[in-house]
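Add 97 to the 1-based position in the first sequence for the numbering used here, that's all there is to it.
By construction, the Cβ of each residue, glycine as well, lies at the ideal position given by its N, Cα and C atoms.
The structure appears below as structure tokens.
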Amino acid sequence: MDYKNYTVYENANGIEIRGIKDFDLGHIFDCGQSFRWLKQQDGSYIGIVGDKVSRVRFEDNILHISNSNFDDFVNIWYDYFDLGTDYGEIKKILCQKDEIMSQAIPFGQGIRLLRQDIWELLISFIISANNRIPRIMKSVEALSQNFGRKISSEEGQFYTFPSAEALSSCPLEQIELCKAGFRCKYIHKTSEMIRKGVVNLSTLNEMTTDEARNELIKLSGVGRKVADCILLFSGTKFDVFPTDVWIKRIMEVLYFKKEATLKEIDQFSKDHFGSLSGYAQQYLFFFARETRIS
DNA sequence: CTGCAGGCCGGCG
DNA sequence: CGCCGGCCTGCA
């Protein structure tokens, strides 16, 4: 069956999608935008999106997704993997910007910005502050196990990401089971603010980027960097440039050739990358990680 | 044992 | 305002 530019075949296991370009699971899942996909020994990844547990594999330019049918492709995966965006075109434009980008992009040629659930991202990136990725993953998993819904699948037991109601209606001591340390009080408070409607996550896409960022920063544990990650990795805004310690170092080494402030980097990305800032950030991040620039 | 990690918060000048 | 110290936890 065809959908947009893709051909989808259903089989006993799930679906096969043909016609996919600019796609690499390692680049997609190992650039810090998602914390719930686990790499398997055979190179596939298993993860949970909403309440669907699937295994994905990309081989010979065919994307295999288990536990899914054609409707799931249309309703979930097409958007989730941002398959409506022409990354070839984006890379072309970014390469024309400067030599650094044309050098960096080949390293992460298969990067895609996932369109993930914004509520799950909000809590996940609150946990990411001053933390390490393995611990972030453990905390997100613990929250799900303690407060999410159990899903039984061919791949084993998984847990959905808990709702704002679930995370705000229990005592703080319960949240502390997820071992997120001082961030637990932010999780608890932010969950309560979302439940009460102090900030409405579903209307951020109707605002300008600055307005949306300022809304998110009202939440406890959300600063500039976390807000930009949430906007970018939910597919809400692409003209953001989340600047963590890595990106700061990369920008100083590659572009500024000296120390730079967050403000200078922000202004530079706006002027230089404009509406494609978010994509540029991902390629630069991956490039730095692969080449160990520091 | 000390240092530190994909920042944020709060207090101070 | 901008700057800076402290921070849960776990691993090097």
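DSSP, read as helix, strand or coil, puts Val146 in strand. Excluding sequence positions up to five before and after Arg280, its CB lies within less than 7 Å of the CB of Ile223, Ile224, Ala226 and Gly318, all in the same chain and listed in chain order.
Taking 4 residues as the minimum length, the alpha helix (DSSP H) runs contained wholly in the segment 281 to 336 are 281 to 293, 306 to 314 and 321 to 330, in order along the chain. Nearest in C-alpha terms to Gln254, of all of Ser265, Asp183, Gly278 and Gln242, is Gln242.
Around the beta carbon of Lys188, 16 or more other beta carbons sit within 10 angstroms, so the residue counts as buried. Per DSSP, Tyr103 is one residue of the beta strand (DSSP E) stretching across Tyr103 to Glu107. According to the DSSP assignment, Tyr256 belongs to the beta strand (DSSP E) that extends over Gly253 to Tyr256. Contact between the segment 289 to 297 and the segment 307 to 317 is established, with three or more Cβ pairs separated by less than 8 Å.
Residue range Leu122 to Phe126 is occupied by the alpha helix (DSSP H) that includes Leu122.
Two segments are said to touch when three or more pairs of C-beta atoms, one from each, lie closer than 8 Å; by this definition the segment 260 to 276 does not touch the segment 155 to 171. Closest in C-alpha terms to Tyr106, from the list Val171, Phe330, Asp119 and Trp134, comes Val171. Just so you know, the alpha carbons of Gln130 and Met98 end up roughly 31 Å apart. Taking C-beta atoms as the reference points, Asp363 and Phe338 count as a pair closer than 8 Å. Counting only the Cα atoms, Glu262 lies some 43 Å from Thr388. Going by C-alpha positions, Glu252 is about 39 Å away from Lys345.
Within the same chain, Cβ atoms closer than 7 Å to the Cβ of Ala385 are found at Trp343 and Ile347, the five residues on either side in sequence being excluded. For the 8 Å CB-CB criterion, Asp325 and Gln206 do not form a contact. Taken through DSSP and simplified to helix, strand or coil, Glu238 comes out as helix.
Here DSSP, grouped into helix, strand and coil, assigns Gly116 to coil.
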